[in-house]
Structures are given as structure tokens and as C-alpha cells.
Amino acid sequence: GDVSRTLRPAEVWDAAFPIQGAPQGIVFCEVSAGEEFARTTMATLKEHAYQAGGRFGIANYAWLQPAATGPLLRRIGAQWVRICYPGAPGHSPAELDALGIAHNVQLGGVIFNGTPEQVAAWADDRAATAKAAGARYFEVANELNNPWMQGQKVPEYIRDGLRPIAERLKGSGIKIMNCGLGGMDTVWTAKFKEAGGFDLIDAFAFHPGRGNFTPDYAPPPEEWTQGDNGTYWNFLGALKEARRVSAGKELWLTEAYACTRPNRWWNDSHRQAAENVLLTLALAVSEGVTGLNWYQPHDSTIHHPQEADPDNAEYHFGLMNRDTSVKAALLAFATATRTLEGAKFIKWRKFHDPDVKGLQFDGFSILWTRKDGYLQNADHGADPWYPHREAWADHWPTKTRVTVDAKGPNVHVVDCIGRETWVPVSRGRATLTLDGAPRIYYGLA
Numbered sequence: 009g010d011v012s013r014t015l016r017p018a019e020v021w022d023a024a025f026p027i028q029g030a031p032q033g034i035v036f037c038e039v040s041a042g043e044e045f046a047r048t049t050m051a052t053l054k055e056h057a058y059q060a061g062g063r064f065g066i067a068n069y070a071w072l073q074p075a076a077t078g079p080l081l082r083r084i085g086a087q088w089v090r091i092c093y094p095g096a097p098g099h100s101p102a103e104l105d106a107l108g109i110a111h112n113v114q115l116g117g118v119i120f121n122g123t124p125e126q127v128a129a130w131a132d133d134r135a136a137t138a139k140a141a142g143a144r145y146f147e148v149a150n151e152l153n154n155p156w157m158q159g160q161k162v163p164e165y166i167r168d169g170l171r172p173i174a175e176r177l178k179g180s181g182i183k184i185m186n187c188g189l190g191g192m193d194t195v196w197t198a199k200f201k202e203a204g205g206f207d208l209i210d211a212f213a214f215h216p217g218r219g220n221f222t223p224d225y226a227p228p229p230e231e232w233t234q235g236d237n238g239t240y241w242n243f244l245g246a247l248k249e250a251r252r253v254s255a256g257k258e259l260w261l262t263e264a265y266a267c268t269r270p271n272r273w274w275n276d277s278h279r280q281a282a283e284n285v286l287l288t289l290a291l292a293v294s295e296g297v298t299g300l301n302w303y304q305p306h307d308s309t310i311h312h313p314q315e316a317d318p319d320n321a322e323y324h325f326g327l328m329n330r331d332t333s334v335k336a337a338l339l340a341f342a343t344a345t346r347t348l349e350g351a352k353f354i355k356w357r358k359f360h361d362p363d364v365k366g367l368q369f370d371g372f373s374i375l376w377t378r379k380d381g382y383l384q385n386a387d388h389g390a391d392p393w394y395p396h397r398e399a400w401a402d403h404w405p406t407k408t409r410v411t412v413d414a415k416g417p418n419v420h421v422v423d424c425i426g427r428e429t430w431v432p433v434s435r436g437r438a439t440l441t442l443d444g445a446p447r448i449y450y451g452l453a
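For the sequence shown, the numbering used here begins at 9 and goes up steadily by one.
See below:
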């Protein structure tokens, strides 16, 4: 609804108004004067008692309002924090322990071609930090494969960074990860394996960046194109390749993304981001990922908290807006963690129509279609600018009716942000209306 009032110059209006929402959902609140407006959100999220040992967490420090953010992370199912050590921004190890959130360490500063004394001093310091933090894993540096697909400094990284840390943490119980790779860099990884790097790690870490592709877009590596808008930045194809090359090791996505930089065709709208969060986490489980850390709690950056830059993608990776209000993506993260907690992946569901897709888990399925293709904002022009639709506007034009075997009186349907509907079952069959948005279905046979 709308509330309006005429104000005198410099007059303050402290308004109160009722909001009616769903048990779980999001409401957009806007104030406007002439052509100017400001918007925020309010959201509702059901309570949920999580089991211990979840695989989903948060990348980067929870640097904004940690006292308030910590309980919220627990409530949305974040059971890992990628970086936590004494003196770091955000929560202390003791604070995360009290919340029941496991924590790791990612630290870099590798001194390439340093003297033995310099390398030893660096490694002693980093290993001591990880031990003092009570870290479960140490991720040795970050995205040192940049520039991508060139394989630079791999032997030097192993010699001056990875091996010294592995030697100092041997027997400590702290597991070792390679530097989380920016994208699934097959050139760097091949050199890493050839140089013996896999012998030094317990877990293979990478960051499957994603452009204007749906998460299930999976071109093989030989088809990937490079550049800022290249298909190198796909999710499922990269994940499958990472699973293949890391066989026998744990697989960690230490940064996963749904960037909502506004009005850019390369990035998600807020609605697309929410849909893609659910599908990203579901696909990760289907590929046997050990852990996935979402980048990051809030929009803006640690060095520019709550500041805005609409042209810089780094300011738009949060599950929350810079004013700490909720994005739809946060509700999607909570919906995904609650649904996928302890879930066992069974298989990809098969349909007569190859554009109908589905993941079957024990107890539920996630279904969607690709009638409208794998490219988001596909009608964009040469300019990076592209007008994103509002979050409440459906962006999938094609609706497909699919009749499936079902059990019970109804099929229970949950959308990406946790809103529920029911579809009646007649004579063991239910007719579902699918589109490009993944939805969770309980009661399919």
C-alpha cells in the first residue's frame, strides 16, 4: 500500500505503517519525493534448528556489525567462516566457537624467491596464526593464478608458500588447501599437479565465478573463452572439471557468487541472484562438494564499508545490502541450506523433453526448465548497461506444464526464497508449471 503526506521545507515525518507479509518472504519499502527515491527491504524468515556439520558457510570476514551478524549467519545456515584468527576483522575464534560456527584461515603474502630466512619467518608466522585460531583448514593464499590460464609461478608457489606451510602444520590436525583459484584454471592446475602440489593438500579449492550464465550452464573446458565476459566464468562446467582433476581430495568452493551490480547484463538482477543461489548450492551438493563459502555477508567492501559504487562489481556480492537490509539472495541461501542439509543426491531426473531439468535427492527434487536458454539478459547490446527488472517481476517468458508421478494428496512446492504452495495430486499424478526458476518439490514419486 501507499502512505503519502505533504511536508514543509525541513519538516520531518516519522511515519508508522503496518506491513503484511508471508511467514517467509521479502517486502520492498520505498520512499519517494518527486523523481528521487530510496528503497530498503524487510524480510521474514522462519525458525530452523540446524544439525551440526553442515557444508555451507561464508567467505570473507563478517566485518560489518559482527555482534548482530553472527546470530544471523547461524540462522541462515552458515556453519563455516573462511577467514578467522585473533586480531582479524569480524568475529574472533572464541565468538564463532560460541555460535557453533566452524572457522578456517586463508592468509597469503607468499614471499616469492625470498631468502630461506624470509620464507621460514613468513611460514612460521602464518602457521602459528592458524594454530592460535583453532582453524580446521588453512587455505594458502588466494587466487595466485591471476593472470588466468597462464600457469605463472606454480613451482615458486609450492616452494615458497605451500610446502613450508604444509611442513609446519604436519600433525597439527589442520588440513591444507591450495590457494583458492580464480575460476577453474586448467593450465595452472595441470602445472600444480605435475609439480607435486596435490601431494601437499587435503582439499582442492577454487572460486567458480559466474557471468550472465545460469549455474547449470556447463561447457567443457576446451570450449571456454577468455576475457572479462568469457565462458571461462561458468559454474557447473568448472565444477565438473574441478571434481575430475581433484579426484581423491576434498573439493571446496571457498568463494561462490551471485553479483548484483545494478543494470549490467553480465550480472544478476536481485531475482536472478536468488534463483541462482538455490541452484548453485544444489548443484554443489550433486557434485559432492565438501564445503561452499558464499562471498560475502554484506555489499560494499571491507575497506569501504556501507559505501556505494554502482560501477564496481566488488561492491555488490553481499547477501545483504549496504544498509544491512536483506537481499532476496539471503532468503534463498537460507532456503537452500535448510533444504540441502544432510541431503543425499540420487540422480539427475530424466524427462521426455530435454529442456526440462531436475535434480533428485532423497526426499525431494529440484526442477526447472531451460526453454528460455542458459543466457541471462540475452538480448543485451554492446554496451555493458542493461536495465534489470524489479525483483518482483517474473523474467521467464516460457511456462511449461509437466505431468509427473506423485504420492499423497498434494505436491508441496517451495520457491527459492521459501514461499510455499501446493499442487493437488489426482490418481497418482500431478501437473506442474515449470520455468527457468528452480523450485523444490516434495512428494514426487
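Positions of the beta carbon are idealized from the N, C-alpha and C atoms, including for glycine.
To which residues of the same chain is residue i closer than 7 Å at the C-beta, ignoring the five residues directly before and after it?
i	result
L383	N220 and F221
R378	D363, K365 and G444
L177	A135, A138, F146 and I184
I27	V35 and M50
G169	V118, V148 and A149
G62	G85, Q87, T345 and E349
Residue i and residue j: beta carbons closer than 7 Å?
i	j	result
A203	L286	no
E147	T262	yes
G190	N237	no
E194	P216	According to the sequence provided, residue 194 is Thr. The question's Glu does not apply to it. Not closer than 7 Å, so no.
G66	W302	Looking at the sequence shown, residue 66 is not Gly but Ile. Contact: yes.
R4	D423	In the structure as shown, the chain starts at 9 and stops at 453, and residue 4 therefore has no counterpart that could be examined.
P79	G142	no
E249	M192	yes
A281	L53	no
A70	P305	yes
A149	G116	yes
T48	S333	yes
H324	R251	no
A390	K415	no
R427	A30	yes
D276	A264	no
T429	V421	yes
Excluding the five sequence neighbours on either side, which residues of its own chain have a C-beta within less than 8 Å of the C-beta of residue i, listed in chain order?
i	result
K257	F206, I209, D210, A211 and F212
T411	R437, A438, T439 and L440
K201	V253
S294	F353, W356 and L367
Q158	V195 and W196
Checking the sheet assignment: what are the DSSP bridge partners for residue i?
i	result
V297	Beta-bridge pairing links V297 to no other residue.
D413	R437
F359	Per DSSP, none; premise fails for F359.
W260	A213 and G299
T48	C37
N150	G188
W21	Looking at the DSSP assignment, W21 forms no beta bridge with any residue, so it has no partner.
L452	A414
E428	V422
I66	V89 and W302
K183	Y145
Apart from the five residues on each side of it in sequence, which residues of its chain come closer than 6 Å, Cβ to Cβ, to residue i?
i	result
A399	H278, R279 and A336
W273	N220, N385, H388 and Y394
L72	H306 and P313
V20	none
H503	This structure gives no information on residue 503, because the portion of the chain shown stretches from 9 to 453.
W130	I119
I91	Y69 and Q114
Y93	V113, T137 and A141
Y240	G191, W232 and Q234
Given a threshold of 16 other Cβ atoms within 10 Å of its Cβ, counted over all protein chains shown, does residue i qualify as buried or as exposed?
i	result
C187	buried
T14	exposed
C37	exposed
S40	exposed
E283	buried
N68	buried
K199	buried
I310	exposed
A10	Inspection of the sequence shows that residue 10 is occupied by Asp rather than by Ala. Classification of D10: exposed, given that the 10 Å Cβ count is below 16.
H360	exposed
N242	buried
Can you give the beta carbon distance from residue i to residue j, rounded, assuming they're within the 8 Å contact cut?
i	j	result
A51	L339	6 Å
V118	Y165	6 Å
L289	W376	Rounded, the Cβ-Cβ distance is 14 Å, inconsistent with contact.
A225	L244	The question names Ala, but residue 225 is Tyr in the sequence shown. With 8 Å as the limit, Y225 and L244 qualify as a contact, their Cβ atoms being about 6 Å apart.
H56	V89	Actually they do not touch by this definition, with Cβ atoms about 19 Å apart.
I425	I34	6 Å
L291	P223	6 Å
I182	R144	7 Å
A86	F64	6 Å
P172	V127	6 Å
D380	A351	Not confirmed; about 27 Å, so no contact.
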